[in-house]
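Presented below is the structure to which this report refers.
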Amino acid sequence: MRKLSLYYFFYYLAASSFGPYISIYLSEKGISLISIGLILSMLSLTGILAQPIMGILNDRLSDPRRIVLLCLLLMPVFALGYYYFDTVIALCLVSFFYAMFQSSSAPLSDVLTVEIANSQGFSFGSIRLWGALSFALGSFITGFVYGKVGYGASFISYALLMVLALVTFYTVPYKAVTRAKVSLKQHAAQILRHQSFLTFVLFSFLIATSIAINFNFLPIYFKEAGFNKGWIGTAYSIAAIIEVPMFWFAVKLHRRFGLIPMMMLAALCYSVKCLVMAFSTQMGLVLAVQLFDGIAFAFMASASVEVINRYAPSYAKATYQTLFVALTSGIGGIIGSALGGVVISHWGVNKLYLFMFSLCFIALAGFTARRKQLEPRPDRPVKLEGEAIPS
72 MRKLSLYYFF
82 YYLAASSFGP
92 YISIYLSEKG
102 ISLISIGLIL
112 SMLSLTGILA
122 QPIMGILNDR
132 LSDPRRIVLL
142 CLLLMPVFAL
152 GYYYFDTVIA
162 LCLVSFFYAM
172 FQSSSAPLSD
182 VLTVEIANSQ
192 GFSFGSIRLW
202 GALSFALGSF
212 ITGFVYGKVG
222 YGASFISYAL
232 LMVLALVTFY
242 TVPYKAVTRA
252 KVSLKQHAAQ
262 ILRHQSFLTF
272 VLFSFLIATS
282 IAINFNFLPI
292 YFKEAGFNKG
302 WIGTAYSIAA
312 IIEVPMFWFA
322 VKLHRRFGLI
332 PMMMLAALCY
342 SVKCLVMAFS
352 TQMGLVLAVQ
362 LFDGIAFAFM
372 ASASVEVINR
382 YAPSYAKATY
392 QTLFVALTSG
402 IGGIIGSALG
412 GVVISHWGVN
422 KLYLFMFSLC
432 FIALAGFTAR
442 RKQLEPRPDR
452 PVKLEGEAIP
462 S
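For the sequence shown, the working numbering begins at 72 and goes up steadily by one.
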């Protein structure tokens, strides 16, 4: 447990030291904003394709650590491409190869962590909270440091921290197992018949789309509302800091009330936050409701990983987890970014948050209406092709 906690700490500390600064680093290199958008869009597009592929490959290995270790090794290597290349085509290729491994590293790590947690009697949330803690600390510290020494330093810190994450992950004990060999056709048939999984993905997609819109357009919200833009970073930090205790608290709640109620609470918190931001003219109130954002993310992140793990058969857990991320965060991120720009252009930023409220409220209503059907029951194992799949 300690080694996994340390791994998550280093992994998300590395993520906080690099990911948020790619766009501003490229801007300082003289890359146009349109080109930066194209370069960064490759990350999402590649992730949608790469995640299910990596998940299927991972499920076919007796030791799933191999692909994660490969990802951890190659991520900082390909990240250096942003430093060495200057043409848009080359940088798009860098994004493609970087995202091939970066997009899959977190969900595959979660798969292994849930498996170890279930076998050793601790919760996924108790491990994941260390990632939330390090990301919050890293985001706060690196902003000041890079402002003084330059954003090129992000490549050095990212490489060093990823080495620490790789070494730590390598020391995590794991007993290799023999896994069933299932064809792609069997995988696809079983997933398409798994009504609970597909319904859960649909409602989660609505929330993920709202999350993506908020992440991309919160700075625009502050600008359009006439708020001091210096507080934008604080808004993100408030949400990140509250995640730490909420990951711990989420474990207590889902053990008592179940996993789907946690998704309902997450949807409710997001709904309240978006509704307040749609009508508020007070920056203090807007900053305060960012607490709901952090609470909702912790509840959703911890519960969704557990739900998908219980839905998935033993031979396809990585496939289900990576597919879930691709269909929710991946596609939701792309659609959310596009929709956000359209809504703001035609109706303004307040209507955008009212639209986000609608998405989250629909998800809340859906989870509430289908609570009993969606709550996973570990005592009902998923069967092979030709047999019924739990729904």
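Even glycine gets a Cβ: it sits at the ideal position worked out from N, Cα and C.
- The shortest CA-to-CA distance from Y83 to any of D134, T158 and G202 is the one to G202.
- With contacts defined as CB atoms closer than 8 Å, I107 and S98 qualify as a contacting pair.
- With a beta-carbon spacing of about 4 Å, T393 and Q122 fall inside the 8 Å limit used to define contacts.
- The C-beta separation of M334 from A374 comes to about 5 Å, placing the pair in contact by the 8 Å criterion.
- Taking V159 as the centre and dropping the five residues before and after it, the same chain places the C-beta of I102, S106, L109 and I110 closer than 8 Å to its C-beta, in chain order.
- The alpha carbon of I433 has as its nearest neighbour, out of T270, L164 and V165, the alpha carbon of T270.
- For E377, the enclosing alpha helix (DSSP H) stretches over residues Q361 to Y382.
- The straight-line gap separating the alpha-carbon atoms of F167 and Y229 is approximately 18 Å.
- In the same chain as R441, and ignoring 5 residues on each side of it, the C-beta atoms closer than 7 Å to its own belong to T270, in chain order.
- Proximity to S115 across G412, S400, G411 and V420 peaks at S400, based on C-alpha coordinates.
- Collapsing the DSSP output to three states places S194 in coil.
- A372 is a Cβ neighbour of R199, given a cutoff of 8 Å.
- Taking a contact as a CB-CB distance under 8 Å, the pair S267 and Y386 does not count as one, their CB atoms being some 18 Å apart.
- If you draw a straight line from the Cα of A170 to the Cα of L141, it is about 13 Å long.
- In the three-state reduction of the DSSP assignment, L120 falls in the helix class, which pools H, G and I.
- Inclusion of L263 and L430 in the CB contact set at 8 Å is not warranted, their separation being larger than that value.
- Boundaries for A397: no alpha helix (DSSP H) harbours it, and the DSSP string shows neither H nor E there.
- In terms of Cβ geometry, I331 and E446 form a close pair [threshold 8 Å].
- Cα atoms of L410 and T117: separation of roughly 20 Å, rounded to the nearest angstrom.
- Residue state for F293 is assigned as helix, using DSSP reduced to three classes.
- Taking T439 as the centre and dropping the five residues before and after it, the same chain places the C-beta of M335 closer than 7 Å to its C-beta, in chain order.
- In this structure, M317 is the residue among M317, L346 and A177 with its C-alpha nearest to the C-alpha of S197.
- CA-CA distance, L346 to F149, rounds to 41 Å.
- By the CB criterion at 8 Å, G404 and F274 fall outside the cutoff.
- Boundaries of the alpha helix (DSSP H) around L77: R73 to F89.
- Rounded to the nearest whole angstrom, the CA to CA distance from T239 to S416 is 47 Å.
- Just so you know, the alpha carbons of I227 and L183 end up roughly 28 Å apart.
- When only Cα atoms are considered, I127 and W418 end up about 42 Å apart.
- When the beta-carbon positions are compared, I379 and I119 stay at least 8 Å from each other.
- Closest in alpha carbon position to L204, among R327, E295 and E314, is E314.
- In the structure shown, S385 adopts coil according to DSSP, grouped into three states.
- In the same chain as L425, and ignoring 5 residues on each side of it, the C-beta atoms closer than 6 Å to its own belong to A349, in chain order.
- Sequence-distant partners of K300 (beyond 5 residues in either direction) whose C-beta falls short of 8 Å from its own C-beta, in its chain, are P290, F293 and K294.
- For P332, the enclosing alpha helix (DSSP H) starts and ends at I331 to F350.
- L179 sits close to M125, with the two beta carbons spaced by under 8 Å.
- For the options L208, G192, A177 and Y307, the alpha carbon positioned closest to that of Y78 is the one of A177.
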